[in-house]
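Just so you know, the protein sequences line up as chains A and B, in that order. Per the numbering used here, the first sequence starts with residue 82, numbered consecutively. Per the numbering used here, the second sequence starts with residue 280, numbered consecutively. We treat Cβ as the ideally placed atom computed from N, Cα and C, and that holds for glycine. See structure below.
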Amino acid sequence: GQQVMQIPQYQHVQEGEDFTTYCNSSTTLSNIQWYKQRPGGHPVFLIQLVKSGEVKKQKRLTFQFGEAKKNSSLHITATQTTDVGTYFCAGRAGNQFYFGTGTSLTVIP
Amino acid sequence: DSGVTQTPKHLITATGQRVTLRCSPRSGDLSVYWYQQSLDQGLQFLIQYYNGEERAKGNILERFSAQQFPDLHSELNLSSLELGDSALYFCASSVGGGRANEQFFGPGTRLTVL
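So this is what it looks like as structure tokens:
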């Protein structure tokens with residue numbers, strides 16, 4: 082069945098280092114959304130990408146949607162301790178909504 | 280605060296029992312989504328309602344059912360509960376029912392089945 086995998090599952094970085102999480106779908110997605118979930122919290126919407134090859138930036142965060150609309154990435158430049166949490170990609174295929182497996186980011190001060 | 284409310288916050292029950300989780304969407308949002316989050320399964324989409332009608336169905340078990348009422352609040356009913364149903368259940372809402380809608384998540388209901 083449809084799967085949306087993310088790698089890595091866990092990432093520990095030193096504060097100030099960069100971080101990237103990759104999202105791969107087994108089928109083409111209509112769009113890709115990214116969410117952040119802090120420990121003990123609920124997912125919070127970060128951004129949505131719709132077009133093939135689209136790139137969007139939010140301050141230190143860069144989001145990319147692949148040309149085939151089957152993969153996406155989130156890159157954080159110069160991580161801060163406030164970036165700690167689990168990052169999920171989520172996409173729609175047909176009328177189904179799929180969340181990625183998530184990447185848990187730990188930032189060491 | 281996302282504006283989405285869920286009750287109860289915590290629920291502890293026994294196997295074989297039935298529970299109802301409640302969700303009130305943000306003011307103006309017509310869509311409600313239900314998700315199950317467990318440690319080993321991540322976030323699993325269960326079902327979506329839009330303006331009272333079922334819009335999409337994900338990995339929802341037959342023992343589970345949901346509905347959206349005319350005032351747009353939604354309830355998720357879980358019956359014949361099993362240990363494996365222990366999880367965090369999130370409700371989310373969005374303005375529209377289509378694919379390009381930002382979802383706002385509630386704080387979740389933590390269900391523990393003993």
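Do residue i and residue j have their C-beta atoms closer together than 8 Å?
i	j	result
Gly376 of chain B	Leu322 of chain B	no
Thr167 of chain A	Ser185 of chain A	yes
Phe371 of chain B	Leu355 of chain B	In the sequence as presented, Phe is not what sits at residue 371 of chain B; that position holds Ala. Not closer than 8 Å, so no.
His123 of chain A	Gly385 of chain B	yes
Pro190 of chain A	Glu98 of chain A	no
Cys302 of chain B	Gln285 of chain B	yes
Ile157 of chain A	Arg141 of chain A	yes
Ser106 of chain A	Val85 of chain A	yes
Gln90 of chain A	Thr182 of chain A	yes
Arg342 of chain B	Ser358 of chain B	yes
Arg305 of chain B	Phe383 of chain B	yes
Lys151 of chain A	Thr102 of chain A	no
Give me, in chain order, the residues of the same chain whose beta-carbon lies closer than 8 Å to that of residue i; leave out the 5 immediate sequence neighbours on both sides.
i	result
Leu290 of chain B	Val298, Leu300, Thr388, Arg389, Leu390, Thr391
Gln316 of chain B	Leu322, Gln323, Ala366, Leu367, Tyr368, Phe369, Gly387
Asn380 of chain B	Ser310, Ser373, Val374
Val165 of chain A	Arg119, Pro120, Leu186, Thr187, Val188
Gly331 of chain B	Gln347, Phe348, Pro349, Leu351
Between the alpha carbons of residue i and residue j, how many angstroms are there, rounded?
i	j	result
Ala149 of chain A	Ala159 of chain A	29 Å
Thr187 of chain A	His93 of chain A	5 Å
Gln347 of chain B	Leu325 of chain B	14 Å
Lys137 of chain A	Ile113 of chain A	12 Å
Lys336 of chain B	Trp313 of chain B	10 Å
Lys288 of chain B	Leu351 of chain B	20 Å
Phe71 of chain A	Leu393 of chain B	Only positions 82 to 190 of chain A appear in the structure, and residue 71 of chain A is not among them; the question remains open.
Leu362 of chain B	Ile88 of chain A	29 Å
Phe178 of chain A	Cys170 of chain A	11 Å
Ala174 of chain A	Gln118 of chain A	23 Å
Leu130 of chain A	Ala293 of chain B	43 Å
Leu340 of chain B	Val283 of chain B	24 Å
Cys104 of chain A	Ser281 of chain B	25 Å
Gly134 of chain A	Phe144 of chain A	10 Å
Gly172 of chain A	Leu318 of chain B	21 Å
Tyr116 of chain A	Phe180 of chain A	9 Å
Lys132 of chain A	Tyr329 of chain B	25 Å
Identify the contact partners of residue i in chain C, using a Cβ-Cβ distance below 9 Å as the criterion.
i	result
Phe169 of chain A	Protein chains in the displayed structure are A and B, and chain C is not among them.
On the DSSP bridge assignment, give the partners of residue i in chain order.
i	result
Val27 of chain A	Outside the modelled stretch of chain A, which goes from 82 to 190, sits residue 27 of chain A, for which no answer is possible.
Ser303 of chain B	B:Thr284
Thr294 of chain B	None, per the DSSP bridge assignment.
Thr375 of chain B	At residue 375 of chain B the sequence reads Gly, which differs from the Thr that was named. Paired residue(s): none; Gly375 of chain B is not in a bridge.
Ala174 of chain A	A:Gln177
Val125 of chain A	A:Lys117
Ala159 of chain A	Per DSSP, none; premise fails for Ala159 of chain A.
Below 7 Å CB to CB, which residues in the same chain sit around residue i once its five sequence neighbours on both sides are set aside?
i	result
Asp364 of chain B	Leu357, Leu390, Val392
Please list, in chain order, all residues of the same chain as residue i whose beta carbon is under 6 Å from its beta carbon, the five residues on each side excluded.
i	result
Gln243 of chain B	What the structure shows of chain B is the stretch from 280 to 393, and residue 243 of chain B is not part of that stretch, so it cannot be assessed.
Tell me which residues of the stretch 323 to 336 of chain B have at least one Cβ-Cβ distance to chain A shorter than 9 Å, keeping chain order. Gln323, Phe324, Gln327, Arg334, Ala335, Lys336
Between the stretch 127 to 147 of chain A and chain B, which residues of the former have a C-beta closer than 7 Å to a C-beta of the latter? Gln129, Val131
Members of the stretch 174 to 186 of chain A near chain B, C-beta cut-off 7 Å: Asn176, Gln177, Phe178, Tyr179, Phe180, Thr182, Gly183
Pull out every residue of the stretch 376 to 388 of chain B whose Cβ sits closer than 8 Å to any Cβ of chain A, in chain order. Arg378, Ala379, Glu381, Gln382, Phe383, Phe384, Gly385, Pro386, Gly387
Compile a chain-ordered list of the residues in the stretch 339 to 350 of chain B whose CB is closer than 9 Å to at least one CB of chain A. none
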